[in-house]
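Everything on this sheet refers to the single structure shown next.
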Amino acid sequence: MKHDGNISSKKIAGSIIGMAIGDALGAHVEFRPRTYLVEYPVTELKGGGTWGLEEGKKIVKIYSTPLLFHPKI
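Numbering-wise, the sequence shown is residues 17 to 89 according to our numbering.
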């Protein structure tokens, strides 16, 4: 598939929303073995998880910062 170099604001917004959702859902289970998750299932999406994040902490800011410097945005 050929890419013409244009990036639409809808694609950017979709990417950022996708990162935020993936980050919120994955933070609680990433790098945990299945046996651990069976014993301690995730029942709510609050702080904690593998990285011990505070409730509401946003990692997506780190990932989206390079978009500010993209020459075609």
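For every residue, glycine included, the Cβ atom is placed at its ideal position computed from N, Cα and C.
CB contact flag (residue i, residue j, <8 Å)
i, j, result
"G63", "E55", "no"
"A43", "G65", "yes"
"L61", "A40", "yes"
Per-residue DSSP class, three states only, for residue i
i, result
"L69", "strand"
"T51", "helix"
"S31", "helix"
"G42", "helix"
"S24", "coil"
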